[in-house]
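In terms of my numbering, the sequence shown is residues -12 to 159. Beta carbons: idealized from backbone N, C-alpha and C, even for Gly. Quick caveat: nothing in here was measured; it's all calculated off a predicted structure.
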Amino acid sequence: MADGSDEIDMVIDRNAFLSGDFARVFDEIAEVKLACGLAHLKVILETGELVTYDNVRLASRIAMEAGADFIKTSTGKVQPAATLPVTLVMLEAIRDFYYQTGRRIGMKPAGGIRNSKQTLAYLVMVKESLGDDWLTPERFRFGASTLLNDVLMQIAKTIEGHYQAADYFSLP
């Protein structure tokens, strides 16, 4: 914070969550949010370790109630990470939270999104679940380092009429 960060990421304690110690998870998020000051807090759920969709929904709700400005599927280090079903569960939790509180929470699916064609399904899901207000970088982002190369390849194809080799751009 002292160096000017405007966004802080944290990962929930999955062991505490899976053992049913939801108060500990909530309190830890709330403490980090307090320490963030004016910076946005992005809470990473590591959904691949949460086992069920019900757990993903509950972890999403706990994170939002504790002060998260954004919820994120994964660090990308645990598989499975971002999947369409998990993302839908999180989007629905955001929608329900918004209807109950009026607070708009952002969403970031991360890990496993590798090409621009996949992103279309995610964007449609956001539009259908939350509407146009969430189709902004302030409310929806992709966490996909390998996605950038594919987007650059698609742009090059549009301009040049053919694909570049996969190694033409930076590799993750």
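{"Query": "Do the stretch 94 to 109 and the stretch 67 to 75 make contact, defined as three or more Cβ pairs closer than 8 Å?", "Result": "yes"}
{"Query": "Which runs of the beta strand (DSSP E), 3 residues or longer, sit entirely within the stretch 8 to 60?", "Result": "27 to 31 and 57 to 59"}
{"Query": "Any idea if T60 is buried or exposed, counting beta-carbon neighbours within 10 angstroms, 16 or more meaning buried?", "Result": "buried"}
{"Query": "Which of the three DSSP states is assigned to I(-5) in this structure?", "Result": "strand"}
{"Query": "With DSSP as the reference, label K95 as helix, strand or coil.", "Result": "strand"}
{"Query": "Just to confirm, are V73 and T34 a CB contact at a threshold of 8 Å?", "Result": "yes"}
{"Query": "Please state whether the Cβ-Cβ distance between L160 and I(-1) is less than 8 Å.", "Result": "The question about residue 160 has no answer here: the residues shown for the chain are numbered -12 through 159."}
{"Query": "Out of R126, S6, L37 and A53, which one is the CA nearest neighbour of K20?", "Result": "A53"}
{"Query": "Go ahead and label S6 buried or exposed: buried means 16 or more other beta carbons lie within 10 angstroms of its beta carbon, across all protein chains shown.", "Result": "exposed"}
{"Query": "Scan the stretch 94 to 158 and note each continuous alpha helix (DSSP H) run of 4 residues or more that stays entirely inside, going in chain order.", "Result": "103 to 117 and 134 to 147"}
{"Query": "Can you have a look at M(-12) and say buried or exposed, based on whether 16 or more other CB atoms are within 10 angstroms of its CB?", "Result": "exposed"}
{"Query": "Between which two residues does the alpha helix (DSSP H) harbouring Q87 extend?", "Result": "L71 to T88"}
{"Query": "Give the range of the alpha helix (DSSP H) segment to which A3 is assigned.", "Result": "R1 to L5"}
{"Query": "Output the distance between the C-alpha atoms of G140 and Y109, rounded to the nearest integer angstrom.", "Result": "First, the residue type needs correcting, since residue 140 is Met and not Gly in the sequence shown. Roughly 20 Å between the two C-alpha positions."}
{"Query": "For the structure I just gave you, are there three or more beta carbon pairs, one from the stretch 42 to 58 and one from the stretch 7 to 17, closer than 8 Å?", "Result": "yes"}
{"Query": "Distance check for K144 and D120, CA to CA, integer angstroms please.", "Result": "30 Å"}
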